[in-house]
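Chemist: Sharing a structure, written as structure tokens. Questions coming.
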Amino acid sequence: MQPANRATVITPSQTLAIDAKAKQLKAAGEDVIGLAAGEPDFDTPEHIKAAAMGALEAGFTKYTPSSGIPELRQAIAEKLKADNDLDYEPSQIIVNCGAKHSCFNAMLAVLNEGDEVIIPAPYWLSYPEMVRMAGGEPYIVETTPETGYKLTPEQLRENISPGTKMLILNSPSNPTGSVYTETELVELAEIALEEQIYILSDEIYEKLVYGDAEHTSIAAFTDTTLANTIVVNGFSKSYAMTGWRLGYLAAPKEIAKAVDSIQSHSTSNPTSFAQKGALAALKGPQECVEEMRQKFDERRRRMFELLKNMPSVGVVEPLGAFYMLADISAFGLDSSTFCSQLLEKEKVALVPGVAFGNDRTVRMSFATDLENIEKALGRFARFCQSLR
Ligand SMILES: *Cc1c(COP(=O)(O)O)cnc(C)c1O
Numbered sequence: 044m045q046p047a048n049r050a051t052v053i054t055p056s057q058t059l060a061i062d063a064k065a066k067q068l069k070a071a072g073e074d075v076i077g078l079a080a081g082e083p084d085f086d087t088p089e090h091i092k093a094a095a096m097g098a099l100e101a102g103f104t105k106y107t108p109s110s111g112i113p114e115l116r117q118a119i120a121e122k123l124k125a126d127n128d129l130d131y132e133p134s135q136i137i138v139n140c141g142a143k144h145s146c147f148n149a150m151l152a153v154l155n156e157g158d159e160v161i162i163p164a165p166y167w168l169s170y171p172e173m174v175r176m177a178g179g180e181p182y183i184v185e186t187t188p189e190t191g192y193k194l195t196p197e198q199l200r201e202n203i204s205p206g207t208k209m210l211i212l213n214s215p216s217n218p219t220g221s222v223y224t225e226t227e228l229v230e231l232a233e234i235a236l237e238e239q240i241y242i243l244s245d246e247i248y249e250k251l252v253y254g255d256a257e258h259t260s261i262a263a264f265t266d267t268t269l270a271n272t273i274v275v276n277g278f279s280k281s282y283a284m285t286g287w288r289l290g291y292l293a294a295p296k297e298i299a300k301a302v303d304s305i306q307s308h309s310t311s312n313p314t315s316f317a318q319k320g321a322l323a324a325l326k327g328p329q330e331c332v333e334e335m336r337q338k339f340d341e342r343r344r345r346m347f348e349l350l351k352n353m354p355s356v357g358v359v360e361p362l363g364a365f366y367m368l369a370d371i372s373a374f375g376l377d378s379s380t381f382c383s384q385l386l387e388k389e390k391v392a393l394v395p396g397v398a399f400g401n402d403r404t405v406r407m408s409f410a411t412d413l414e415n416i417e418k419a420l421g422r423f424a425r426f427c428q429s430l431r
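In short: position in the sequence shown from 1, add 43, done, that's the numbering used here.
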């Protein structure tokens, strides 16, 4: 049987491939340390689990409206107002099966065949593939460590063409950990408005910011920005709920309606009882979020301290999410070779930057405990030493 063209233009996720190799070595009894994970290592807070279990016990096991239960959409609208100063009606919010699904549905709803989508690199590896699946053309713009891996207004302006439909912005960013400041966002938003391009703002890591960094939503500046932007967020990273598969988007009315239609004919509603868990996440105590953030921050500072003192390794301090990008280009190996040799020789699993559109770097996650971080970085240093 022949797969369709749309299936052959996409490549399988390379983060999952490395992860599989590391698991295989582990199963064979090797002492592998994985810093490749893309999810919190914490368990979902108890009160959230209890709400979902309660819903199951109460028989909340049927289809819900495809766009999500009304009380959850209401709670999300309230959250977006309180945390992000965004004015949405519940009807503009669609709950999806994870923020990944939200991004994909958003693209299906706005992209026409051949529409260009500007994606700053290093990028979250699913964006270009989703754009292609939705019929669009990814247009990659490379950022550099000098700007903290952030897209500059000049870069945005230079790369907009008549075919440009959308800009994808991910702040805080996976994989770079960079967080755009309000001033930077205002400048980008102004250009997007002027040039009439849409913004897809993936804010999944909003709660994980460190030091002086603050998260601002690019949709928050004016009514026009709000009308030009689709905001994506979810529960996976803030509440350690990756396996629950719940995310959401907030969009102008006509786009929300289109996403609802797409969803109603594809996945239908996100899991009924999981939605009750998400409701508890938003309505319940928020201390759990701050506790996890502080743990991440402690690990971040330790990892950065160890990395920044390593000769020939370049690193920009991440101010958000739970990843660090290390520039290993001085060793003369491409990122995949570097990662597979590191895994083989020192049993440390990282993700090659080529997966994120940057072959000079490797991504290490600090969603693991301090002991693992110290051990892994010790091995990483020894490996780098052996290359010099
Ligand atoms: C993890 C992640 C998501 C998706 O999370 P879901 O589990 O699908 O809610 C979206 N964007 C980025 C940048 C991520 O790292």
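Glycine included, each C-beta is placed from N, C-alpha and C at the ideal position.
(1) Flag this pair as yes or no: are the beta carbons of Asp370 and Thr404 separated by less than 8 Å?
(2) Using a threshold of 7 Å, is the CB atom of Asp255 nearer than that to any non-hydrogen atom of ligand 1?
(3) Determine the contact status of Ala262 and Leu154, defining contact as a CB-CB distance below 8 Å.
(4) Leaving out five residues before and five after Leu115 in sequence, what residues of the same chain have Cβ atoms less than 7 Å from its Cβ?
(5) On the premise that Asn148 lies in contact with Ile247, defined as a C-beta separation below 8 Å, what is that separation, rounded to the nearest angstrom?
(6) Note down the Cα distance separating Phe399 from Pro218, rounded to an integer number of angstroms.
(7) Beta carbon of Ala293: closer than 7 Å to some heavy atom of ligand 1?
(8) Suppose only complete runs of 3+ residues qualify. What are the beta strand (DSSP E) ranges in the stretch 339 to 404, listed by chain order?
(9) Within the chosen definition, does the stretch 306 to 317 reach the stretch 383 to 395 through at least 3 CB pairs nearer than 8 Å?
(10) Identify, in the order they occur along the chain, each residue of the same chain with its Cβ nearer than 7 Å to the Cβ of Lys122, setting aside the five sequence neighbours on each side.
(11) Count Cβ pairs between the stretch 360 to 369 and the stretch 211 to 228 that sit closer than 8 Å; are there 3 or more?
(12) Along the beta strand (DSSP E) that carries Gly290, what are the first and last residues, could you check?
(13) DSSP on Tyr170, reduced to helix/strand/coil?
(14) Please specify which runs of the alpha helix (DSSP H), each continuous and at least 4 residues long, are wholly inside the stretch 293 to 340, giving them in chain order.
(15) In three-state terms, what does DSSP make of Ile203?
(16) Quick check: the Cα distance between Pro328 and His90, rounded to an integer number of angstroms?
(17) Tell me the rounded alpha-carbon separation between Ile298 and Asn127.
(18) Measuring only the C-alpha atoms, how far is Asp158 from Val174?
(19) Return the CA-CA distance between Ile76 and Asn271, expressed in angstroms with no decimal places.
(20) What I want to know is whether the C-beta of His258 ends up closer than 7 Å to one or more non-hydrogen atoms of ligand 1.
(21) Is Ala285 near ligand 1, going by C-beta to nearest heavy atom under 7 Å?
(22) Could you tell me whether the Cβ atoms of Gly357 and Pro108 are closer together than 8 Å?
(23) Is there at least one Cβ from chain D nearer than 8 Å to Lys388's Cβ?
(24) I need the DSSP call for Ile53, collapsed to helix, strand or coil.
(25) Less than 7 Å separating the Cβ of His308 from some heavy atom of ligand 1?
(26) On the premise that Ala293 lies in contact with Gln135, defined as a C-beta separation below 8 Å, what is that separation, rounded to the nearest angstrom?
(27) Looking at ligand 1, does it come within less than 7 Å of Ser279, judged from the CB to the closest heavy atom?
(28) Taking the CB atoms as reference points, tell me whether Ser169 and Leu212 lie closer together than 8 Å.
(29) Which residue marks the beginning of the beta strand (DSSP E) containing Ile162, and which one marks its end?
(30) Taking 7 Å as the limit between beta carbons, can you name the residues of its chain near Thr259, skipping five residues before and five after?
(31) Rounded to whole angstroms, how far is the Cβ of Pro165 from the Cβ of Asn401, which I believe are closer than 8 Å?
(32) Sorry if obvious, but does the Cβ on Gly220 come closer than 7 Å to a heavy atom of ligand 1?
Modeler: Taking the definition as stated:
(1) Yes, they are a contact pair.
(2) Flag unset: Cβ of Asp255 not near ligand 1.
(3) no
(4) Val138, Gln318, Ala321, Leu322
(5) Their Cβ separation, rounded to whole angstroms, is 15 Å, which puts Ile247 and Asn148 out of contact at 8 Å.
(6) When rounded, the distance between both Cα atoms is 7 Å.
(7) no
(8) 366 to 370
(9) no
(10) Leu325
(11) yes
(12) Per DSSP, Gly290 belongs to the beta strand (DSSP E) from 290 to 293.
(13) If DSSP states are grouped into helix, strand and coil, Tyr170 belongs with the helices.
(14) 296 to 307, 315 to 326
(15) Ile203 falls in the coil class under three-state DSSP.
(16) Going by the C-alpha atoms only, they are around 9 Å apart.
(17) 20 Å
(18) One C-alpha to the other measures close to 9 Å.
(19) 43 Å
(20) A distance criterion of 7 Å places the beta-carbon of His258 beyond contact range of ligand 1, judged by its closest non-hydrogen atom.
(21) Looking at the sequence provided, one finds Thr at residue 285 rather than Ala. Correct: Thr285 has its Cβ closer than 7 Å to ligand 1.
(22) no
(23) In the structure shown, chain D does not exist; there is a single protein chain.
(24) coil
(25) Proximity of the beta carbon of His308 to ligand 1 is not indicated: no heavy atom of the ligand is located closer than 7 Å.
(26) 6 Å
(27) yes
(28) In this structure, Ser169 keeps its C-beta atom at 8 Å or more from the C-beta atom of Leu212.
(29) 159 to 164
(30) Glu225, Leu228
(31) 4 Å
(32) no
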